[in-house]
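Enquirer:
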Amino acid sequence: MSDDEKARRARAEMPVTGRKVYLNTGTAGPLARVTLEALEAGGRFEYETGRGTFSSFPVLLADIERLRAGFAALMGASEEEVALTHHTTDGVNIVAHGLAWQAGDEIVTTSAEHEGGLLPLYVQKRRHGAVIKVVDVGHRDSPDEIAVNIGRAIGPRTRLIAVSHVNWNTGLRMPVESIAAIARERGVLTLVDGAQSAGAIPMDPASSGVDFYAVPAQKWLCGPEGIGALWVRAERLSLLEPTFIGFFSLVDTSSYDLSGNFMPASGARRFEVGTVYRPAVKAMCANLEWLSEELGWPWIHARIAALAERARGALVAIPEVEMVTPAGAGSGLVTFALRGYDPARVVAELEKSDIVVRNLHDPEALRISTGFFNDAEDIARLVEGLRAITAKDPEALAPPLF
Ligand SMILES: Cc1ncc(COP(=O)(O)O)c(C=O)c1O
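The numbering of the sequence shown is the working numbering, which starts it at 185 and goes up by one.
If you want it as structure tokens, here you go:
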């Protein structure tokens with residue numbers, strides 16, 4: 185099957201792609217038919233059959249295991265190393281709060297992180313006196329420069345390096361393997377925020393040398409909201425104290441006594457806490473199976489990267505475009521400014537033509553995400569939409585609603 189034919193079939197399974205030029209997967213990917221059907225079937229089952237039936241509990245446990253296995257396969261990991269979470273930030277919090285901090289311990293991070301990757305670290309500063317060291321990462325820095333600068337920031341008190349695999353603002357792919365190698369040499373742990381990498385680029389936490397890797401379902405994996413996963417390297421499990429704990433964290437639901445003793449599950453499952461939204465679990469299982477078995481990760485990753493380069497090439501041909509994302513950035517995000525135009529107004533204006541992109545504040549810019557389901561026509565329509573905007577006076581664009 186040709187690349188275009190495969191993409192056409194994928195688009196047919198994601199109806200929003202026929203209605204909009206959907207270029208905002210970095211915020212939330214489109215839902216596929218198989219995912220919606222599983223969500224609806226799960227909801228209907230709960231509605232018609234009842235949620236608390238004796239026979240439905242083993243089904244729930246089996247679904248949870250199936251989902252953990254799905255994330256483990258995605259991350260090239262063992263199921264024992266995966267905990268289901270609710271989003272990326274959940275996973276970052278589990279690690280940040282789970283380590284035992286002493287006043288003066290240092291965390292090295294970068295200027296290119298999302299709040300989800302940063303704020304859980306800041307709490308360690310406020311609560312325990314940890315020191316946050318921010319390494320400046322510019323979008324023109326080479327992977328080698330980034331790794332060297334991070335290495336230079338490591339001191340005798342550094343305990344953790346926390347970086348995203350793909351920077352959410354510029355789309356730059358971070359050299360996590362080199363960072364992890366430097367960290368290991370110095371006895372420092374590495375936590376990766378995989379919000380913009382999971383489903384977008386190849387990732388292999390175990391062989392990359394990092395220690396913790398947090399991912400969401402709703403972005404490049406096109407899954408429902410409220411689901412994510414955290415990978416914890418098996419040897420690092422004992423370093424993390426559980427912050428939140430509940431009946432799903434235990435070996436089984438009776439693994440505790442009334443003297444304050446409890447027995448956490450042996451694997452990363454110990455960080456799972458309580459009731460989950462079952463339809464979303466079923467939907468994410470079906471979704472991951474569709475992506476990995478019907479489409480295949482190599483095809484998905486190659487197409488995302490090729491479309492990002494194509495979009496970048498088409499955008500730089502617009503005279504008003506100031507490109508932020510460097511060529512070969514290696515992700516599905518392309519960030520650029522439209523000289524003289526307020527990005528928020530441009531987003532609102534494009535949306536009137538059913539072109540969905542987002543604006544950023546640092547840098548003040550527009551960001552597009554090229555999903556595997558996008559095509560050349562989407563990019564052409566984006567360029568057309570931007571050219572129509574640059575034909576107007578910047579002040580003629582309506583101010584954004586918020
Ligand atoms: C790099 C990065 N980290 C974290 C987040 C927060 O993601 P979540 O809502 O899955 O916690 C985002 C969301 O855009 C992101 O881009």
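Even for Gly, the Cβ is constructed at its ideal location relative to N, Cα and C.
These figures come from a predicted structure and were not determined experimentally.
#1: On the three-state DSSP scale, how would you describe ASP526?
#2: Give me every residue whose Cβ sits closer than 6 Å to any heavy atom of ligand 1, in chain order.
#3: Counting pairs of Cβ atoms below 8 Å between the stretch 311–320 and the stretch 285–297, do you hit three or more?
#4: Alpha carbon to alpha carbon, how far is ALA280 from THR233? Give it in angstroms, no decimals.
#5: Assuming the contact rule is C-beta atoms closer than 8 Å, VAL541 and LEU499 should be a hit. Round their C-beta distance to whole Å, please.
#6: Less than 7 Å between the beta carbons of VAL531 and ARG496, yes or no?
#7: Would you say TRP352 and GLN380 are within 7 Å of each other, going by their C-beta atoms?
#8: What number of angstroms, rounded off, separates the C-alpha of ALA486 from the C-alpha of GLY300?
#9: Taking just the CA atoms, how far does TRP481 sit from ARG370?
#10: Our contact map puts LEU268 next to GLU425 with C-beta atoms below 8 Å; I'd like the distance itself, whole angstroms only.
#11: The beta strand (DSSP E) spanning ASP377 covers which residue range?
#12: Excluding the 5 residues preceding and the 5 following GLU409 in the sequence, name in chain order all residues of the same chain whose CB lies nearer than 6 Å to its CB.
#13: I want to know whether the stretch 214–222 touches the stretch 192–201 - three or more CB-CB distances under 8 Å.
#14: Quick one: is LYS466 buried, meaning 16 or more other Cβ sit within 10 Å of its Cβ, or exposed?
#15: Can you tell me whether GLU297 is buried or exposed? The criterion is at least 16 other CB atoms within 10 Å of its CB, across all chains shown.
#16: How long is the line joining the alpha carbons of TYR206 and VAL200, rounded to whole angstroms?
#17: Tell me the DSSP secondary structure of SER553 in three-state form.
#18: Touch check for the stretch 247–258 and the stretch 468–475: three-plus C-beta pairs under 8 Å?
#19: Hey, quick one: how far does the alpha helix (DSSP H) through ARG462 stretch, first residue to last?
#20: Is DSSP giving THR427 helix, strand or coil here?
#21: State the DSSP-derived secondary structure class of THR294, mapped to helix, strand or coil.
#22: Alpha carbon to alpha carbon, how far is GLY202 from LEU522? Give it in angstroms, no decimals.
#23: Which residue wins for smallest C-alpha separation from ALA225, given the options ARG462, SER186, ALA398?
#24: Could you tell me whether the stretch 259–275 touches the stretch 319–338, where touching means 3 or more Cβ pairs closer than 8 Å?
#25: Check GLY313 in the structure and name its three-state DSSP category.
#26: Which first and last residues belong to the alpha helix (DSSP H) in which GLU227 is found?
#27: Assign ARG357 to buried or exposed, taking buried as 16 or more other Cβ atoms, counted over all protein chains shown, within 10 Å of its Cβ.
#28: CB-CB under 6 Å to PRO600, same chain, minus the five flanking residues each way: which ones, in chain order?
#29: Label GLN308 either buried or exposed according to how many other C-beta atoms from any shown protein chain fall within 10 Å of its C-beta, with 16 as the threshold for buried.
#30: By Cβ distance below 6 Å, which residues in the same chain neighbour ALA222 in space, the five residues on each side in sequence not counted?
#31: Could you check what DSSP says for VAL399 in three-state terms: helix, strand or coil?
#32: Measuring only from the beta carbon, is VAL315 closer than 6 Å to any heavy atom that is part of ligand 3?
#33: In its own chain, which residues sit with a C-beta less than 8 Å from the C-beta of ASN333, not counting the 5 before and 5 after it?
#34: With 16 as the cutoff for other CB atoms within 10 Å, does ASN277 come out buried or exposed?
Expert: Looking at the coordinates:
#1: coil
#2: HIS271, THR272, THR273, HIS298, GLY300, GLY301, SER348, TRP352, ASP377, ALA379, GLN380, PRO400, GLY412
#3: yes
#4: 40 Å
#5: VAL541 to LEU499, Cβ: 11 Å. No contact.
#6: no
#7: yes
#8: 27 Å
#9: 34 Å
#10: In fact, because the Cβ distance is near 19 Å, the residues do not count as touching under 8 Å.
#11: 373–377
#12: GLN402
#13: yes
#14: buried
#15: buried
#16: 7 Å
#17: strand
#18: yes
#19: 462–473
#20: coil
#21: strand
#22: 27 Å
#23: ARG462
#24: no
#25: coil
#26: The question names Glu, yet the displayed sequence has Gly at residue 227. Start and end: 217–233.
#27: buried
#28: A query on residue 600 cannot be resolved here, the shown segment of the chain reaching from 185 to 586 and no further.
#29: buried
#30: LYS466, ALA467, ALA470
#31: strand
#32: Ligand 3 is not part of this structure, which contains only ligand 1.
#33: VAL319, ASP320, VAL321, ASP325
#34: buried
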